[in-house]
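Enquirer: Shown below is the structure under consideration.
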Amino acid sequence: MDKIGFIKKDIYNLECSVNGKLRNHDVELVTEYFMAEQKKNEGFYFKIEGDGHDRFSRCFWADATSRRAYGFYGDVVVFDTTFNTNRYDLTFAPMLGVNNHGQTIVLACAFLSKETTESFVWMFEEFKKAMPGGEPKTIITDQDAAMAIAISIAFPTTFHRLCIWHITSKFSVKLPRDAYNEYWREFQKAIWDTDNKDEFDAKWNIVVTKAGLTDHPWLSSMFDLRESWIPAYTRQFFAAGMSSSQRAEGSHGFFKQYISRRNSLMDFIIRFERALSHQREKELVADHVDAFEVAQCLLPMPMNKQMATLYTRTMFQKFEQELIQSTACFLELKTEDACKVVFNVSERKNWETRVAEVVYVKDSDHASCSCKRFEFVGIICKHILALFRRDQIEYMPEKYILKRWKKTAKCGLVSDANGKEIKDCADPGLLIKRSTMSRLASDVVEDALMSEEGCEVLSATLKSLQVKLKLLKDGPSNNEVGGSSSQTQYMKDPKRVRCKGRSKGVTGAKEKAMTRGIRHCRECGHIGHDRRQCPALNTP
-11 MDKIGFIKKD
-1 IYNLECSVNG
9 KLRNHDVELV
19 TEYFMAEQKK
29 NEGFYFKIEG
39 DGHDRFSRCF
49 WADATSRRAY
59 GFYGDVVVFD
69 TTFNTNRYDL
79 TFAPMLGVNN
89 HGQTIVLACA
99 FLSKETTESF
109 VWMFEEFKKA
119 MPGGEPKTII
129 TDQDAAMAIA
139 ISIAFPTTFH
149 RLCIWHITSK
159 FSVKLPRDAY
169 NEYWREFQKA
179 IWDTDNKDEF
189 DAKWNIVVTK
199 AGLTDHPWLS
209 SMFDLRESWI
219 PAYTRQFFAA
229 GMSSSQRAEG
239 SHGFFKQYIS
249 RRNSLMDFII
259 RFERALSHQR
269 EKELVADHVD
279 AFEVAQCLLP
289 MPMNKQMATL
299 YTRTMFQKFE
309 QELIQSTACF
319 LELKTEDACK
329 VVFNVSERKN
339 WETRVAEVVY
349 VKDSDHASCS
359 CKRFEFVGII
369 CKHILALFRR
379 DQIEYMPEKY
389 ILKRWKKTAK
399 CGLVSDANGK
409 EIKDCADPGL
419 LIKRSTMSRL
429 ASDVVEDALM
439 SEEGCEVLSA
449 TLKSLQVKLK
459 LLKDGPSNNE
469 VGGSSSQTQY
479 MKDPKRVRCK
489 GRSKGVTGAK
499 EKAMTRGIRH
509 CRECGHIGHD
519 RRQCPALNTP
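The numbering of the sequence shown is my numbering, which starts it at -11 and goes up by one.
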């Protein structure tokens, strides 16, 4: 250690010196970096805009890997903003998806100086320009008014689902303490244990009436929004099994291991790309496992073996659990006519008997279930599997197998709006070429080292070759996109902005009370006094 020649303070001073030299050139570096990435791969998309005074305001980018991923997994998107990622307090806004292994993937990213409807509309419009395949089927966000309006403008055909976790976590804050303690479990049952809309409405109204909260403004507003967050209303829309934006929260936590609020924009991009490569490495590992291994089947059934070869391991395990649970389901004929047959499928769960309704349409040979698991998750439910077992259907019909969950989900071409193929960033051919040329170069160097004359010949040849390759790389023209900073007009670095932070819809009274240091009275549960000043105790 005593021979290193520097101490920790020297590294800190060097970092400060470098940051000082790069100050006021941050946007310039980011722009050149994006141009270089676009030059390496035409599938890289980016857009940078100013505030009208030649100062950076917002940017959007998506590389070829993310754009291709949207072509395969663009049916559901999770969107949430996060903060404290850069020195300018710009809002970082990633758009996330779910791949065929059930892993979180990054589809696109943006920096925004304002969280207004106009800013979100701009970002969503850029997202539509960059991504192949049109609008997503479902987008999941928290309760943000500006975001909701922007989604309705930019994605008119997309189902906007609100994060159920953000809403249910507010019950303890919004409701009176006594009412929450006594009726929360009943609210939970009404929210989670109902399969149809009428049943939910009836249970909700019963609980609200019993609790004496029929005029509660927040509960009334949540009931009016029930079509956006209650499972009985939202299960009919595909969401890859997600009912909250917790996946985005987890992703923010993962990326914040690599970044800090002291980062410049260029620092952030470099660190973010490093984190993204680690995330994508996990996907490659999962792809490798699925390519060379077949999951072990717990049930020796033809359908189970069929799905083990088709589904990725994660999705197969979910399917197999449904298949195992289907053995405990019992079918009872409810009604039958010339067009369809209706069955009641019952099962014992938590000492209760639960019944689902399966409808089998004879002409189309199609079965649907009241639990809506296939529509919501994309994997067939235990109730329909029980019907298949009854009818001795040994192999899964093709229409019940979604391609997005298969091992071959990423097979095929993905083209942009102009019909041009979007090629992946990681070209396997480049790895083969690099390996071949590295072996050739190693052999040439070994031969040259045998004599002094050979070293001189090789050195002169390499220098000449280096000049030729540089000309080939740069080209004869000096007017290409991505040229030097002297040939391109760059924007000024952004000023530090005051972001609004977490949306008003997410921040509840409990969090505000924790900030202010206000406590509930332990005697009556109200806010504004403690037990010593409680009117209930001091009343003569």
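No residue lacks a Cβ here, since even glycine has one placed at the ideal position from N, Cα and C.
When you compare each of 87, 359, 440 to residue 225 by their alpha carbons, which one comes out closest?
Expert: Taking only the C-alpha atoms, the option nearest residue 225 is 359.
Enquirer: Quick one: measure Cβ to Cβ for residue 118 and residue 98, integer angstroms, because I've assumed they're closer than 8 Å.
Expert: Actually they do not touch by this definition, with Cβ atoms about 11 Å apart.
Enquirer: Between residue 514 and residue 146, what straight-line distance do the alpha-carbon atoms span, to the nearest angstrom?
Expert: About 42 Å.
Enquirer: Return the chain-ordered ranges of every beta strand (DSSP E) run that is complete within the segment 323 to 382 and spans a minimum of 3 residues.
Expert: Entirely contained in the segment 323 to 382, the beta strand (DSSP E) runs reaching 3 residues are, in chain order, 328 to 337, 340 to 349, 354 to 357.
Enquirer: Spell out a yes or no on whether the segment 150 to 166 and the segment 196 to 210 are touching, meaning 3 or more CB-CB pairs, one atom from each, closer than 8 Å.
Expert: Result yes; three or more Cβ-Cβ pairs closer than 8 Å.
Enquirer: Opposite residue 46 in the DSSP bridges: which residues?
Expert: Residue 46 is bridged to 37, 100.
Enquirer: Leaving out five residues before and five after residue 227 in sequence, what residues of the same chain have Cβ atoms less than 7 Å from its Cβ?
Expert: Hits under 7 Å: 64, 126, 128, 149, 364.
Enquirer: Please return the same chain residues whose Cβ sits closer than 6 Å to the Cβ of residue 215, not counting the five positions on each side in sequence.
Expert: Counting only Cβ-Cβ distances below 6 Å, and skipping sequence neighbours, we find 221.
Enquirer: According to DSSP, residue 508 sits in a beta bridge with which residue or residues?
Expert: In DSSP, residue 508 forms a bridge with 515.
Enquirer: Please classify residue 154 as buried or exposed, where buried requires at least 16 neighbouring CB atoms within 10 angstroms.
Expert: The residue in question, residue 154, is buried, as its Cβ has 16 or more Cβ neighbours within 10 Å.
Enquirer: Would you decide whether residue 353 is buried or exposed? Buried here means 16 or more other CB atoms lie within 10 Å of its CB.
Expert: With fewer than 16 other Cβ atoms within 10 Å, it is exposed.
Enquirer: Express the C-alpha separation of residue 325 and residue 268 in angstroms, rounding to a whole number.
Expert: When rounded, the distance between both Cα atoms is 52 Å.
Enquirer: How about residue 31 and residue 61: are their beta carbons less than 8 Å apart?
Expert: No, these two residues do not count as a Cβ contact at 8 Å.
Enquirer: For residue 445, is the classification buried or exposed, using 16 other Cβ atoms within 10 angstroms of its Cβ as the cut-off for buried?
Expert: Under this definition residue 445 is an exposed residue.
Enquirer: Smallest Cα separation from residue 299: which of 374, 175, 13, 281?
Expert: Of 374, 175, 13, 281, the residue nearest in Cα terms is 281.
Enquirer: Nearest to residue 95 by CA position, among 111, 53, 123, is which residue?
Expert: Closest option to residue 95, Cα to Cα, is 53.
Enquirer: Note down the Cα distance separating residue 323 from residue 357, rounded to an integer number of angstroms.
Expert: Going by the C-alpha atoms only, they are around 15 Å apart.
Enquirer: Compute the Euclidean distance between the alpha carbons of residue 419 and residue 411, then round it to the nearest angstrom.
Expert: Note that residue 419 scores 49 on pLDDT, short of 50, meaning its location in the model is unreliable; the coordinates nonetheless yield the value given after this. Whole-angstrom Cα-Cα distance: 15 Å.
Enquirer: DSSP puts residue 65 in a beta bridge; with which residues?
Expert: Answer is 127.
Enquirer: Take every Cβ of the segment 14 to 32, pair it with every Cβ of the segment 41 to 57, and state whether three or more of those distances are shorter than 8 Å.
Expert: Yes, they touch.
Enquirer: Taking only three categories from DSSP, how would you classify residue 79?
Expert: In this structure, residue 79 counts as strand in the three-state DSSP scheme.
Enquirer: Can you tell me which of the three DSSP states residue 244 falls into?
Expert: Note: residue 244 maps to coil in three-state DSSP.
Enquirer: When DSSP labels each residue in this structure, what does residue 86 get in the three-state scheme?
Expert: Of the three classes helix, strand and coil, the one that applies to residue 86 here is strand, per DSSP.
Enquirer: Could you pull the start and end residues of the beta strand (DSSP E) that residue 150 belongs to?
Expert: That run of the beta strand (DSSP E) goes 147 to 150.
Enquirer: Give me the Cβ distance between residue 44 and residue 15, rounded to the nearest whole Å; I'm assuming they're in contact under 8 Å.
Expert: Their Cβ separation, rounded to whole angstroms, is 5 Å, which keeps residue 44 and residue 15 in contact under 8 Å.
Enquirer: Going straight from the alpha carbon of residue 183 to that of residue 520, what length do you get?
Expert: So the two alpha carbons sit approximately 47 Å from each other.
Enquirer: Run through the DSSP bridge pairs and tell me what residue 320 is partnered with.
Expert: Per DSSP, 332.
Enquirer: Does DSSP put residue 1 in a helix, in a strand, or in coil?
Expert: Correct three-state label for residue 1: helix.
Enquirer: Provide the residue span of the alpha helix (DSSP H) that contains residue 189, from first to last.
Expert: Unbroken alpha helix (DSSP H) run through residue 189: 185 to 199.
Enquirer: Would you identify the three-state DSSP class for residue 394, choosing helix, strand or coil?
Expert: The answer is strand: DSSP assigns residue 394 an E or B state.
Enquirer: Count the other C-beta atoms from every protein chain shown that fall within 10 angstroms of the C-beta of residue 19, then say buried if there are 16 or more, exposed otherwise.
Expert: It is buried - the Cβ of residue 19 has at least 16 other Cβ atoms within 10 Å.
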